[in-house]
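Before any comments, here is the structure.
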Amino acid sequence: MGKRVRVFLSATLRGFVDGYDPHSGLEVPVDEPMEITELCGKVGVPWERVKIAMVDGKKVEGNHLVKGGERVALFPAVGGG
Amino acid sequence: MRNEEQVMALIREAAQKYVDPAGREILVLDEASCQEISQRCHVTLREVHAIGLERGLWPLRYVRNREILSKQDQKKLIESSVAVVGSGGLGGNVSLLLGRVGIGRIVLVDQDLFDETNLNRQAGAFIHSLGKPKAKETARLIQDANPAVEVDARQVKVTEENAAEVLGKIHVIVDALDNIPDRILLQAVAKRLEIPLVHGALAGFEGQVMAILPGDPGLDLVYGNRSGNSEPSARPEAILGVPPMTAAMVACYQAMEVLKVLLQRGQLLRNKMLYLDLESGAAYTYKLSGGS
Numbered sequence: 584m585g586k587r588v589r590v591f592l593s594a595t596l597r598g599f600v601d602g603y604d605p606h607s608g609l610e611v612p613v614d615e616p617m618e619i620t621e622l623c624g625k626v627g628v629p630w631e632r633v634k635i636a637m638v639d640g641k642k643v644e645g646n647h648l649v650k651g652g653e654r655v656a657l658f659p660a661v662g663g664g
Numbered sequence: 003m004r005n006e007e008q009v010m011a012l013i014r015e016a017a018q019k020y021v022d023p024a025g026r027e028i029l030v031l032d033e034a035s036c037q038e039i040s041q042r043c044h045v046t047l048r049e050v051h052a053i054g055l056e057r058g059l060w061p062l063r064y065v066r067n068r069e070i071l072s073k074q075d076q077k078k079l080i081e082s083s084v085a086v087v088g089s090g091g092l093g094g095n096v097s098l099l100l101g102r103v104g105i106g107r108i109v110l111v112d113q114d115l116f117d118e119t120n121l122n123r124q125a126g127a128f129i130h131s132l133g134k135p136k137a138k139e140t141a142r143l144i145q146d147a148n149p150a151v152e153v154d155a156r157q158v159k160v161t162e163e164n165a166a167e168v169l170g171k172i173h174v175i176v177d178a179l180d181n182i183p184d185r186i187l188l189q190a191v192a193k194r195l196e197i198p199l200v201h202g203a204l205a206g207f208e209g210q211v212m213a214i215l216p217g218d219p220g221l222d223l224v225y226g227n228r229s230g231n232s233e234p235s236a237r238p239e240a241i242l243g244v245p246p247m248t249a250a251m252v253a254c255y256q257a258m259e260v261l262k263v264l265l266q267r268g269q270l271l272r273n274k275m276l277y278l279d280l281e282s283g284a285a286y287t288y289k290l291s292g293g294s
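Pasting the structure below:
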């Protein structure tokens with residue numbers, strides 16, 4: 584079994600993935616190190632809609648490489664009150 | 003303080019024994035006695051409460067705040083001033099919590115009037131308050147619950163120009179606004195006035211909370227410089243809505259951050275974002291600074 588990352592989507596980003604389950608997130612194979620922007624493309628979330636990307640609880644930029652085993656969380660800009 | 007000796011004498015007379023649910027006997031002052039002392043001695047209700055606490059007497063209305071709050075903590079809250087900017091879904095709930103816990107002075111800032119779409123979540127929105135100013139209606143609600151709170155309702159929008167006057171002598175500001183540009187302006191103002199800011203926002207069943215002390219990057223870490231999609235129609239809260247449970251949940255965390263700042267207790271959500279997802283029953287704290 585190859586390397587994988589688990590991707591969690593927040594708020595409106597969930598709408599880009601049919602049948603997204605917020606409890607389990609998405610499991611994405613990562614055969615080679617992959618930038619966050621590319622990962623977004625792979626799961627179908629437009630990078631321009633992502634405001635914050637987190638890897639294992641820390642904020643990263645779009646060029647951050649995931650190698651497998653990480654927990655990735657993606658957020659849009661939320662401002663409601 | 004005026005008439006302190008007279009206040010003390012009346013407080014001693016009014017002291018009653020009270021046995022709490024844990025079987026502990028303590029000395030308390032009930033609301034009617036405090037009101038009477040306040041009127042007779044021409045001191046505010048919160049001054050009566052503060053003097054009582056100083057002498058080891060709990061106002062009965064705060065007795066269920068102990069032991070988690072000490073007498074010194076409670077007195078510190080009574081002597082504190084908090085501004086809640088926005089009297090909507092977050093602000094209404096935050097204000098009521100702060101009023102009930104015993105913050106001495108609360109400034110409510112909101113230029114809007116209540117409308118029917120507010121009825122699902124905004125603490126001050128009732129049928130009878132439709133069309134009326136949010137700040138004023140919410141102020142009334144706080145004073146119904148706790149007349150010891152000095153509430154100042156301001157029907158204005160915070161701007162660079164009026165900030166020092168509206169937010170003067172404030173110990174903590176609560177960001178209970180409903181859009182990103184206004185939140186960024188409020189942060190700039192808080193930074194300039196060197197006042198801690200407690201941020202909260204929500205969309206759907208998800209919310210976020212953060213404490214920002216003067217000098218922290220704060221919202222720059224949350225909203226950043228990347229433009230994202232800021233079209234009103236693309237805003238998550240516009241698409242997913244703002245249900246009451248999420249507003250109340252985020253408001254609870256915001257009120258708690260206010261207490262933590264004022265009492266210098268616990269772990270502040272500083273340079274971190276607490277992310278809450280009610281539907282998944284999940285809460286994560288994300289580190290926003292020091293990333294790669």
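Just so you know, the sequences run in chain order D and V. One point on numbering: in the working numbering, the residue at position 49 of the first sequence is 632, and numbering is uninterrupted. One point on numbering: in the working numbering, the residue at position 285 of the second sequence is 287, and numbering is uninterrupted. Each residue gets a CB set at the ideal place from its N, CA and C atoms; glycine is no exception.
(message) Counting only C-beta atoms, is A205(V) closer than 8 angstroms to chain D at any point?
(response) yes
(request) Starting from Q124(V), trace the beta strand (DSSP E) both ways and give me its first and last residue. (result) That residue, Q124(V), is in no beta strand (DSSP E); it is neither H nor E in DSSP.
(request) Would you tell me roughly how many angstroms separate the C-alpha atoms of G293(V) and K274(V), rounded to the nearest one? (result) In this prediction, G293(V) has a pLDDT of 39, which is less than 50 and means its spatial position is unreliable; what the coordinates show is noted afterwards. Distance between the alpha carbons of G293(V) and K274(V) is about 11 angstroms.
(request) Could you list which residues in chain V have their beta carbon closer than 7 angstroms to that of V655(D), in chain order? (result) Going along chain V, no residue has its Cβ under 7 angstroms from V655(D), so there is no contact; the nearest lies around 12 angstroms.
(message) Buried or exposed, going by whether 16 or more other CB atoms sit within 10 Å of the CB of K78(V)?
(response) buried
(request) Return the CA-CA distance between H51(V) and W60(V), expressed in angstroms with no decimal places. (result) 8 angstroms
(request) Please name the residue in V21(V), V86(V) and D75(V) whose C-alpha comes closest to that of I197(V). (result) V86(V)
(request) Could you have a look at D75(V) and say whether DSSP puts it in helix, strand or coil? (result) Residue state for D75(V) is assigned as helix, using DSSP reduced to three classes.
(request) Could you check what DSSP says for G585(D) in three-state terms: helix, strand or coil? (result) coil
(request) Could you pull out every residue in the same chain whose Cβ sits closer than 6 angstroms to the Cβ of G94(V), ignoring the five residues on either side in sequence? (result) Q124, A125, G126 and T140
(request) Run through the region 621-652 of chain D for me and flag every whole beta strand (DSSP E) of 3 or more residues, listed as ranges in chain order. (result) Counting only runs that start and end inside the region 621-652 of chain D, the beta strand (DSSP E) elements of at least 3 residues fall at 635-638 and 641-643.
(request) Could you confirm whether any beta carbon from chain D is found closer than 8 angstroms to the beta carbon of A250(V)? (result) Closer than 8 angstroms: no.
(request) Specify the secondary structure class of I175(V) as computed by DSSP and reduced to three states. (result) strand
(request) Go ahead and label D604(D) buried or exposed: buried means 16 or more other beta carbons lie within 10 angstroms of its beta carbon, across all protein chains shown. (result) exposed
(message) Since E208(V) and D279(V) should fall inside the 8 angstroms C-beta cutoff, what is the C-beta to C-beta distance between them, to a whole number of angstroms?
(response) D279(V) and E208(V) do touch by the CB rule: their CB atoms are close to 5 angstroms apart, below 8 angstroms.
(message) Counting only Cβ pairs nearer than 9 angstroms, list the residues of chain D close to N181(V).
(response) G662, G663 and G664
(request) Pick helix, strand or coil for Q113(V), following the three-state DSSP scheme. (result) coil
(message) For G206(V) and A253(V), which I take to be in contact (beta-carbon distance under 8 angstroms), what is that distance rounded to the nearest angstrom?
(response) In fact, because the Cβ distance is near 16 angstroms, the residues do not count as touching under 8 angstroms.
(message) Please tell me whether M637(D) has its Cβ less than 8 angstroms away from any Cβ of chain V.
(response) yes
(request) Between the Cα of P183(V) and those of V174(V), K159(V) and A166(V), spot the shortest distance and give me the residue it belongs to. (result) Looking from the CA of P183(V), the closest CA among V174(V), K159(V) and A166(V) belongs to K159(V).
(request) For Y20(V), decide whether its Cβ has a neighbour in chain D, counting only Cβ atoms nearer than 8 angstroms. (result) no
(request) Taking Q41(V) as part of the alpha helix (DSSP H), name the residues at either end of that continuous run. (result) E33 to C43
(message) For Q41(V) and L264(V), what's the separation of their Cα atoms in angstroms?
(response) Between the alpha carbons of Q41(V) and L264(V) lies a distance of about 29 angstroms.
(message) Between S282(V) and chain D, is the shortest Cβ-Cβ distance under 8 angstroms, so that the two count as touching?
(response) So, interface residue.
(request) Assign M617(D) to one of two classes, buried (16 or more other C-beta atoms within 10 Å of its C-beta) or exposed (fewer than that). (result) buried
(request) Would you be able to state if there are at least three C-beta pairs under 8 angstroms between the region 587-602 of chain D and the region 624-638 of chain D? (result) yes
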